[in-house]
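Its first residue numbered 68, the sequence shown is counted upward by one per residue in the numbering used here.
We put the beta carbon where it would ideally sit given N, CA and C, even for glycine.
Below: one structure, written as structure tokens.
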Amino acid sequence: MTEDFNNQTPTQETKPQIPFSTIQPATAAFIALIGIFITYQVGGAILTLLIFGLDFQKADVNQMRLLTMGGQIMLMLLPTLIFARFVYPLNTTQMLRVRFPNLKEIGIFILGLIILTPLLQSYLFLQNVLLETVSNYSPILKKAMNMLDELDKMIEQTYGELLKATSLFEASFVIFVVAVIPAVCEEVLFRGFVQKSFEQKFKPYFSIFITSLFFGLYHFNPYGLVALIALGFYFGYAAYVSNSIFIPMVLHFINNFLAVLAFMVLGSDELMGTNVKHDGSITAQIFVLLISALLFAGFIIYLKRNYSKFATVKGDNP
Numbered sequence: 068m069t070e071d072f073n074n075q076t077p078t079q080e081t082k083p084q085i086p087f088s089t090i091q092p093a094t095a096a097f098i099a100l101i102g103i104f105i106t107y108q109v110g111g112a113i114l115t116l117l118i119f120g121l122d123f124q125k126a127d128v129n130q131m132r133l134l135t136m137g138g139q140i141m142l143m144l145l146p147t148l149i150f151a152r153f154v155y156p157l158n159t160t161q162m163l164r165v166r167f168p169n170l171k172e173i174g175i176f177i178l179g180l181i182i183l184t185p186l187l188q189s190y191l192f193l194q195n196v197l198l199e200t201v202s203n204y205s206p207i208l209k210k211a212m213n214m215l216d217e218l219d220k221m222i223e224q225t226y227g228e229l230l231k232a233t234s235l236f237e238a239s240f241v242i243f244v245v246a247v248i249p250a251v252c253e254e255v256l257f258r259g260f261v262q263k264s265f266e267q268k269f270k271p272y273f274s275i276f277i278t279s280l281f282f283g284l285y286h287f288n289p290y291g292l293v294a295l296i297a298l299g300f301y302f303g304y305a306a307y308v309s310n311s312i313f314i315p316m317v318l319h320f321i322n323n324f325l326a327v328l329a330f331m332v333l334g335s336d337e338l339m340g341t342n343v344k345h346d347g348s349i350t351a352q353i354f355v356l357l358i359s360a361l362l363f364a365g366f367i368i369y370l371k372r373n374y375s376k377f378a379t380v381k382g383d384n385p
């Protein structure tokens, strides 16, 4: 049994309580993950084929952006809200963590993201160097990586067209589609409904892990899977500690915004990039990884001991 926070942060004393639900919470979480995955991925693919046909790469880019945005809202966010209302009819907003944090809470978690980002960048670099080295001695791994590289190139080309912008207005629209909409839709599903439901059955950190695992798998990025799971775990930890869905939304937005900015400025997504370039020192990357890991561990320890200094404890939050 886990704690239901009653719109309080975990720093406050609360009595263990499982909210009323029409379906067992963990079962409901798995139903949502599977059902919305099918709805979003399969339904989105069918819509794309119906609207653009097989040659969708020649489709108007703004129409593709609108379809991407509409797909996330109609096939992910809306089903999540409807299902959450059905499963938790008496406390839907509570189970979706609808609590408005203060600026200090948001700021402290943004600081954690700033520390985590170079850690993930260094990890990805070293991971890809290792894979490239090992693949030279393993024909099977080499073939698998070649297949993944082709898939990665296809995904990059598709997203590359969506991210290109020739004006400030177009750039703003791209940011809205790629950073704002996913931050809202994905966080309501994963850190809102799914993780909170798992927390009613499992221990908090296991709930965070299993949610972040599915979060990583949802993105179909084999090379970036571990980094996505780690990022999702931090989002989940932020949601659990703050009991506010808005904090992981802000973190998710910042992460996506920086990725869009990196693409617009550098021509590639630096955080999740998979192309290994040996123009930097591996030793330097290991150093950055270790220092970032120590800083992040220190940050988490500090946060656990001092979060009550940042948290909103007023009982009038929705």
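Note the first and the last residue of the continuous alpha helix (DSSP H) segment covering residue i.
{"i": "residue 307", "result": "292-309"}
{"i": "residue 319", "result": "313-333"}
{"i": "residue 369", "result": "349-373"}
{"i": "residue 112", "result": "110-119"}
{"i": "residue 141", "result": "It is not in any alpha helix (DSSP H) - residue 141 carries neither H nor E in the DSSP assignment."}
{"i": "residue 241", "result": "235-242"}
Assign residue i to buried or exposed, taking buried as 16 or more other Cβ atoms, counted over all protein chains shown, within 10 Å of its Cβ.
{"i": "residue 311", "result": "buried"}
{"i": "residue 127", "result": "exposed"}
{"i": "residue 267", "result": "buried"}
{"i": "residue 332", "result": "exposed"}
{"i": "residue 334", "result": "exposed"}
{"i": "residue 365", "result": "exposed"}
{"i": "residue 166", "result": "buried"}
{"i": "residue 169", "result": "exposed"}
{"i": "residue 272", "result": "exposed"}
{"i": "residue 191", "result": "buried"}
{"i": "residue 221", "result": "exposed"}
{"i": "residue 262", "result": "buried"}
{"i": "residue 203", "result": "exposed"}
{"i": "residue 118", "result": "exposed"}
{"i": "residue 295", "result": "buried"}
{"i": "residue 378", "result": "buried"}
{"i": "residue 369", "result": "exposed"}
{"i": "residue 224", "result": "exposed"}
{"i": "residue 205", "result": "exposed"}
{"i": "residue 248", "result": "buried"}
Assuming residue i and residue j form a contact by the criterion Cβ under 8 Å, report the distance between their Cβ atoms to the nearest whole angstrom.
{"i": "residue 255", "j": "residue 144", "result": "6 Å"}
{"i": "residue 194", "j": "residue 293", "result": "7 Å"}
{"i": "residue 86", "j": "residue 139", "result": "That belief does not hold up - the Cβ atoms of residue 86 and residue 139 are roughly 27 Å apart, past 8 Å."}
{"i": "residue 146", "j": "residue 103", "result": "5 Å"}
{"i": "residue 258", "j": "residue 306", "result": "4 Å"}
{"i": "residue 359", "j": "residue 185", "result": "5 Å"}
{"i": "residue 472", "j": "residue 183", "result": "The structure shown does not extend to residue 472, since the chain spans only 68 to 385, so no value can be given for it."}
Does DSSP classify residue i as helix, strand or coil?
{"i": "residue 267", "result": "coil"}
{"i": "residue 90", "result": "coil"}
{"i": "residue 190", "result": "helix"}
{"i": "residue 127", "result": "coil"}
{"i": "residue 155", "result": "coil"}
{"i": "residue 279", "result": "helix"}
{"i": "residue 210", "result": "helix"}
{"i": "residue 258", "result": "helix"}
{"i": "residue 387", "result": "The first residue shown for the chain is 68 and the last is 385, placing residue 387 beyond what the model contains."}
{"i": "residue 377", "result": "coil"}
{"i": "residue 202", "result": "helix"}
{"i": "residue 132", "result": "helix"}
{"i": "residue 220", "result": "helix"}
{"i": "residue 195", "result": "helix"}
{"i": "residue 245", "result": "helix"}
{"i": "residue 97", "result": "helix"}
Looking at residue j and residue i, is the spacing between their C-beta atoms short of 8 Å?
{"i": "residue 107", "j": "residue 163", "result": "no"}
{"i": "residue 97", "j": "residue 314", "result": "no"}
{"i": "residue 250", "j": "residue 320", "result": "yes"}
{"i": "residue 229", "j": "residue 152", "result": "no"}
{"i": "residue 467", "j": "residue 246", "result": "Residue coverage of the chain in this structure runs from 68 to 385, which leaves residue 467 outside it and unanswerable."}
{"i": "residue 244", "j": "residue 135", "result": "yes"}
{"i": "residue 393", "j": "residue 277", "result": "Absent from the structure is residue 393, since the part of the chain shown begins at 68 and ends at 385."}
{"i": "residue 172", "j": "residue 309", "result": "yes"}
{"i": "residue 198", "j": "residue 214", "result": "no"}
{"i": "residue 328", "j": "residue 180", "result": "no"}
{"i": "residue 264", "j": "residue 303", "result": "no"}
{"i": "residue 93", "j": "residue 269", "result": "yes"}
{"i": "residue 88", "j": "residue 99", "result": "no"}
{"i": "residue 154", "j": "residue 90", "result": "yes"}
{"i": "residue 219", "j": "residue 290", "result": "yes"}
{"i": "residue 297", "j": "residue 187", "result": "yes"}
{"i": "residue 352", "j": "residue 189", "result": "yes"}
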